[in-house]
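Participant:
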Amino acid sequence: MSSPALFDGAAENLHDTPSRRERLTLGPASAIPEQSARSMANRIEDEIPGNFQIADGDSFYSTLLFLDGDIIDRTTTQFTRNGGLASLGTFPWDETDDTQTHLEADMYAPFISLANTILRCAVREGHHVHSHWISRANHYPKALDEDSSLLRPDGSCALGDQTGYYAALDILESLESDDDSGGPSSLEQVKKLEKTATLWWLRVVAPIEMKPVRDAESVRVGSAQLLRYMRLVLRNQLDRQFVFGILVCGHYMRVFFCDRSGLLTTTEWIDLHNPETFVHVILALSSIKVSKLGWDETMKLHRQSVSLPSRLQFEFSTDPCVRLADYGKSSYETQWAIFVPDEKGSQTGKWYVTVRALSLSQAEVMAGRATVVWLVKELNDDLRTVLKSAWSRAGSYFQTEKDLRGDVDLKHVVDIQISVPVGLQTIRTTKTSSAIRGKIQGYESTWKDGVGFSEKVPTGKRKAVPEDFGDMSGHRTASERNDGVASTVISRVLTRTVMRTYGWSIKFFKDRAELVTVLRDTVVAGHRELYFKRMVVHRDASTGNIMISVVGRDVTNTQGVLIDLDHAKKADERCTVNMDKLEWEDYQRWLQAKYKLLKDVHLVRKLWQRCQGDEVQTLALMEWSTSRVNAFEHWRGIDNSKWDTNSHLSQGTLPFISFEVLTSPTRPYPTKSLNFRSDIIEASPVHGAIHDLESLFWIFLYLCLTRAGPGGARRKEFYQSPVGRAPDDPVAQLHTAVWRLFENTSEGLAKNKLHLFQHPHLLKEFLIPLMDEYFAPLHQLLIDWWDLLRWSYHTYDDLEQGLIHLKLISLLSKAVEELKESRVDEWDVERNDAVREMTETELERRRVDLERYWSFPAPYDPCAAPRVALEPVSNAASPKAARGGTQIAGGSSTAAAHPESPTPRSGPARKKHRGMTDTLSGHRKGEEDNAGEESNSMSVDVIKQPVFK
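Its first residue numbered 1, the sequence shown is counted upward by one per residue in this note's numbering.
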């Protein structure tokens, strides 16, 4: 059977799609770095265009890298006296030396040497530095996660107190003339030892990319490479809010800054032959308070190497005492103490200790929410808690997830305890608000595979103007700018949300009955509860946002829960209909006279009510529905129907978005003669209930096509290459179907979904035969669901928006009952060894997962957990959740920069706070503690209670 016309729109992409997947799953290790770089470049191209600004150098350096002018002057003078100016004059190489090769690699050592010389000069002037400069261009920086260390910066500013090292070099240089041994001097040996030091992404302050010349191609390619390094810093340093990077082209340098609002750089280049600004940048990146370099002061690392179950030790990750052994075996296993204030701007709140990360796939996002999720605990509290950090839109207009959910009783909807902004927003939104970018006036610039070339270089000496890091009074929004340039840059603020809901993604269902039950729960009391009780439409149904939640401790007793309100929207309008006031008797007599065989008065009344007394619609609907079964539900409960009028923008997880909101501009499905639609504004559908319920259908179809059975196991066909196979080969057809319906471009996805809407027979004739036989009992449900959606689109008016939930609930409830009555799941477990093994493995995984949480902070051995196969899928079609199958519940300087510790150091655990000092490490050990004051370290005595047994 060949692929039908349904799957057009991506044929040109099909040929490289299987090879892409093959490289990810079957290819040699040597292919991985290239693929990783390409994938990362694609993500950057998705995020940075439209979120890239430039600003003048004076405001950039004085705001983001402010340093006292006196130390800059004294260090510059010291640097010049020690031959620094002469060395800069010949950087990157001596143009008069014909023997030099002028290669990029020749730039690395001289630049690093110049930077470290500046630091040595500053140390001589009594200035403390917490970082140094290093080049390991021939070695990948190490990382906790293997896929994070596949790119190599040309150099880096890295954490590490080198004050003693520089003092030792000064002493050795003064003694070198006394060494008459003829062998290697102590100075040479020390320098050689320093070059063997290992660089870790965890310690990178700012990466460097270098190019031999400054031309358009070098600037474009160099800036693109630099952003990949900066992205890796954000991926590896989970307590990093923003990051700097340096691009060197010839003897010119440019500084880049990236927060979650996008990329910012200067209009001018720094001429390295003039030392003042160069000294300022090098010294600032190596010595200013690390919170101003992006480290979060409301997160502390749990030092696993020194902690005991009865006494946990926490330090800022930048503290000199922190060692690599203090981190976990991976980023997911690394544990943190995270502070959540009681309200915005409060310095009181609670500390939560992470058990493990649940979702880190978005941590590296440079312009967006960058959502990170942990399973956490309040110590001595047995309730399962999930903490989500995300960079939400800033401003009073935007509501938090807690605001959207409210405090009303909503069944099968995530239980949100608190959702609160933490710290400064990235860009000022009002004339009185504070922001990370300070007074910087940014202007939109173009990014196309890199930065465009600029010749602007400042002349003369520039002095830094002192400015408070949080003073934003001079910044104007895009709408206030004199040049009228409209920018898509969005001001964001770190928002932490605490939830009392925990479970696993729907793709880890234990059997078919649980799969359909979770879908039904999500519809009946999840989506519908939000839609009617809170007037909120979810707008982001995905495999990651439909959760299997355990009831109590029995992992077989579960329910469906709808989570993650990041993209939800509250409606402005509500439709209300009073059916009892519709004039009915005259129409009934006329209708029965017209249709002699129409004897069911109850049906006629329901039609009349359904069409709100509109005779034309009633007749059209009757003619259209004569062959339908169960087309209508009773009218009761539809008086709260409404739709969202706030936004035309497409929202959701791309593979599962409805065709109607996937296109740009959005357009409705083509229907026949009926014109009931009331949710179309300016020819574009508004994202409403039916679109979310269609997303649930695509999720259901996706799971049936890609899963082999219980426990989320990916089908073996996806580990086989489709390349070279005949078009009618089952493996090639499966790859083709999944790619074109779920992993395509948005245009390709829209085209194929539209085609399936217009040719529904292809679902039964082409897609269903591709599914694993395990899903045979669900085939008719898929057909009926798609049929129901198509019919509802044809009749979608105000009332249909209130009926669509009831129709789908009825359909899914019937399917659940049939599955239970047939006992098909029980028969499979008893007779099918493969299904039994998958089911038992999934249930055991759940037990171990919960036991690990309940036993924390006692040590946990990951080897004790059953092995779960990793799946070779694109992030688009199957967003990565927690490792081992756990799913999320949900999905600078700060105002609360120094929150109090949530537990006392000794005695019974109480809801009490203790203070901490306002210093953040980067300091030398021994300088931080004064008599009678607490240090930055935080230790927690864990009181033994049954939860920890």
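Where is the CB? At the ideal position from N, CA and C, for every residue including glycine.
Because the structure is a prediction, the values reported are computed rather than measured.
#1: Rounded to whole angstroms, what is the Cα-Cα separation between Q241 and G160?
#2: With distances taken Cα to Cα, identify the nearest neighbour of I71 among L64, I490, T426 and L283.
#3: Rounded to whole angstroms, how far is the Cβ of S305 from the Cβ of A337, which I believe are closer than 8 Å?
#4: F718 by DSSP, collapsed to three states: which one?
#5: Excluding five sequence neighbours on each side, which residues of the same chain lie with their C-beta closer than 6 Å to the C-beta of G328?
#6: For Y719, which option in A708, V248, P727 and A541 has the closest C-alpha, if you only look at C-alpha atoms?
#7: Write down the C-beta distance between R667 and S684 rounded to the nearest angstrom, noting that I regard them as a contact closer than 8 Å.
#8: Just to confirm, are Q450 and G222 a CB contact at a threshold of 9 Å?
#9: With H, G and I counted as helix, E and B as strand and the rest as coil, what does DSSP make of S445?
#10: I'd like the list of long-range same chain contacts for F91, defined as Cβ closer than 6 Å, with 5 residues on each side in sequence excluded.
#11: Within the chosen definition, does the region 526 to 535 reach the region 494 to 509 through at least 3 CB pairs nearer than 8 Å?
#12: Give me the Cα-Cα distance between W643 and D798, rounded to the nearest whole angstrom.
#13: Which residue marks the beginning of the alpha helix (DSSP H) containing W739, and which one marks its end?
#14: Are the CB atoms of E378 and K350 within a distance shorter than 9 Å?
#15: Express the C-alpha separation of I809 and L763 in angstroms, rounding to a whole number.
#16: For I768, which residues of its own chain have a beta-carbon under 6 Å away from its beta-carbon, when the five flanking residues on both sides are left out?
#17: Put A541 into one of helix, strand or coil per three-state DSSP.
#18: Since I112 and G155 are thought to touch, with beta carbons under 8 Å apart, how far apart are those beta carbons, to the nearest angstrom?
#19: Around the Cβ of R136, are there at least 16 other Cβ atoms within 10 angstroms (buried) or fewer (exposed)?
#20: Using the three-state DSSP reduction, which class does H758 fall into: helix, strand or coil?
#21: In chain order, what residues of the same chain lie with their CB nearer than 8 Å to the CB of V523, ignoring the 5 residues before and after it?
#22: Given a cut-off of 9 Å, decide if G245 and K411 are closer than it, judged by their beta-carbon atoms.
#23: With contact counted as at least three CB pairs below 8 Å, one residue from each stretch, are the region 539 to 555 and the region 842 to 857 in contact?
#24: Can you check DSSP and say which residues form a bridge with L85?
#25: Give the straight-line distance between the Cα atoms of D296 and G438, rounded to the nearest whole angstrom.
#26: In this structure, what does DSSP give as the bridge partners for D271?
#27: Kindly list the residues whose CB is nearer than 7 Å to the CB of S445, restricted to its own chain and excluding five residues on each side of it in sequence; keep chain order.
#28: Taking 8 Å as the limit between beta carbons, can you name the residues of its chain near Y108, skipping five residues before and five after?
#29: Just to confirm my understanding: we take G678, look at its own chain, exclude 5 residues before and 5 after, and list those with CB closer than 7 Å. What are they?
#30: Whole-angstrom Cβ separation of Y229 and P207, contact assumed at under 8 Å?
#31: Hey, would you say R303 sits closer than 9 Å to R492, going by beta carbons?
#32: Sort D46, W200 and L705 by Cα distance to L151 and report the nearest one.
#33: By Cβ distance, which residues of its chain are closer than 7 Å to L559, with the 5 residues on each side in sequence left out?
#34: Going by DSSP in three states, D381 sits in which element: helix, strand or coil?
#35: Taking the Cβ atom as the reference point for each residue, do V372 and T400 lie within a distance shorter than 9 Å?
#36: Can you tell me where the beta strand (DSSP E) holding F336 begins and where it ends?
Facilitator: The relevant details are as follows:
#1: Taking the sequence shown and counting its residues from 1, the one referred to as residue 241 is at position 241. Taking the sequence shown and counting its residues from 1, the one referred to as residue 160 is at position 160. Q241 and G160: Cα-Cα distance of roughly 20 Å.
#2: Here residue 71 corresponds to residue number 71 of the sequence shown, with the count starting at 1. Of the candidates L64, I490, T426 and L283, the one whose C-alpha sits nearest the C-alpha of I71 is L283.
#3: Sequence index remark: in the sequence shown, residue 305 carries index 305 (1-based). Sequence index remark: in the sequence shown, residue 337 carries index 337 (1-based). Their Cβ separation, rounded to whole angstroms, is 16 Å, which puts S305 and A337 out of contact at 8 Å.
#4: Working through the sequence shown from its first residue, we reach residue 718 at position 718. Looking at F718 - three-state DSSP - the assignment turns out to be helix.
#5: Indexing the sequence shown from 1 puts residue 328 at position 328. The residues are T334.
#6: On the sequence shown, position 719 is the one that residue 719 refers to. Looking from the CA of Y719, the closest CA among A708, V248, P727 and A541 belongs to A708.
#7: In the sequence shown, residue 667 corresponds to position 667, counting from 1. In the sequence shown, residue 684 corresponds to position 684, counting from 1. At roughly 7 Å, the Cβ-Cβ gap stays under 8 Å, so R667 and S684 are in contact.
#8: Against the sequence shown, residue 450 aligns to sequence position 450. Against the sequence shown, residue 222 aligns to sequence position 222. For the sequence presented, residue 450 should be read as Gly rather than Gln. For G450 and G222, yes; Cβs fall inside 9 Å.
#9: Reading the sequence shown from its first residue, position 445 is the one you call residue 445. Residue state, collapsed to three classes: coil.
#10: Within the sequence shown, the letter at position 91 stands for residue 91. Closer than 6 Å at Cβ, skipping near neighbours: P110, H251 and L272.
#11: Segments in contact, no.
#12: Counting from 1 along the sequence shown, the entry for residue 643 is found at position 643. Counting from 1 along the sequence shown, the entry for residue 798 is found at position 798. Low per-residue confidence applies at W643: pLDDT is 36, beneath 50, and the placement is therefore not dependable, though the value from the model is reported in the following sentence. C-alpha separation (whole angstroms): 8 Å.
#13: On the sequence shown, position 739 is the one that residue 739 refers to. P730 to F742 is the span of the alpha helix (DSSP H), which, as asked, contains W739.
#14: Stepping through the sequence shown from its first residue, residue 350 is reached at position 350. Stepping through the sequence shown from its first residue, residue 378 is reached at position 378. For K350 and E378, yes; Cβs fall inside 9 Å.
#15: In the sequence shown, residue 763 corresponds to position 763, counting from 1. In the sequence shown, residue 809 corresponds to position 809, counting from 1. The straight-line gap from Cα to Cα measures roughly 21 Å.
#16: Counting from one through the sequence shown, the residue named residue 768 turns up at place 768. Correct list, in chain order: H779.
#17: Taking the sequence shown and counting its residues from 1, the one referred to as residue 541 is at position 541. Of the three classes helix, strand and coil, the one that applies to A541 here is coil, per DSSP.
#18: Against the sequence shown, residue 112 aligns to sequence position 112. Against the sequence shown, residue 155 aligns to sequence position 155. With 8 Å as the limit, I112 and G155 qualify as a contact, their Cβ atoms being about 6 Å apart.
#19: The residue labelled residue 136 in the question sits at position 136 within the sequence shown. R136 should be labelled buried.
#20: For this step, residue 758 is matched to residue 758 along the sequence shown. The identity of residue 758 in the sequence shown is Gln, whereas the question assumes His. It is helical.
#21: Residue mapping note: residue 523 aligns to position 523 of the sequence shown, counting from 1. Closer than 8 Å at the Cβ level, and outside the excluded window around V523, lie L693, L696, H805, L808, I809 and L812.
#22: As a working note, residue 411 is residue 411 in the sequence shown. As a working note, residue 245 is residue 245 in the sequence shown. Result no, Cβ atoms of K411 and G245 do not sit closer than 9 Å.
#23: Yes: the two stretches touch, three or more of their Cβ pairs being nearer than 8 Å.
#24: For the purposes of this step, residue 85 is taken as residue 85 along the sequence shown, with counting starting at 1. In DSSP, L85 forms no bridge with anything.
#25: Taking the first residue of the sequence shown as 1, we reach residue 296 at position 296. Taking the first residue of the sequence shown as 1, we reach residue 438 at position 438. Near 17 Å, if we compare the C-alpha coordinates of G438 and D296.
#26: On the sequence shown, position 271 is the one that residue 271 refers to. Paired residue(s): Y252.
#27: Position 445 of the sequence shown holds residue 445. Closer than 7 Å at the Cβ level, and outside the excluded window around S445, lie F52, Q53 and I54.
#28: Here residue 108 is taken as the residue at index 108 of the sequence shown, counted from 1. S135, A137, D154, G155 and M210, listed in sequence order.
#29: Counted from its first residue, the sequence shown places residue 678 at position 678. Note on residue identity: the sequence assigns Ser, not Gly, to residue 678. Within the same chain, S678 has close Cβ partners D797 and D798.
#30: Taking the sequence shown and counting its residues from 1, one reaches residue 229 at position 229. Taking the sequence shown and counting its residues from 1, one reaches residue 207 at position 207. Contact flag correct, Cβ pair sits at about 4 Å.
#31: Walking along the sequence shown from the start, residue 303 turns up at place 303. Walking along the sequence shown from the start, residue 492 turns up at place 492. No, they are not a contact pair.
#32: Indexing the sequence shown from 1 puts residue 151 at position 151. Selected option, being the one with the closest Cα: W200.
#33: By one-based count along the sequence shown, residue 559 stands at place 559. Note on identity: in this sequence residue 559 is Gln, with Leu being the wrong assignment. Cβ neighbours of Q559 beyond the five flanking positions: H412, D521, S549 and V551.
#34: Taking the first residue of the sequence shown as 1, we reach residue 381 at position 381. DSSP places D381 in coil when its eight states are reduced to three.
#35: For the purposes of this step, residue 372 is taken as residue 372 along the sequence shown, with counting starting at 1. For the purposes of this step, residue 400 is taken as residue 400 along the sequence shown, with counting starting at 1. No, they are not a contact pair.
#36: Sequence index remark: in the sequence shown, residue 336 carries index 336 (1-based). Before going on, a small fix: residue 336 reads as Trp here, not Phe. Bounds of the beta strand (DSSP E) holding W336 are W336 to P341.
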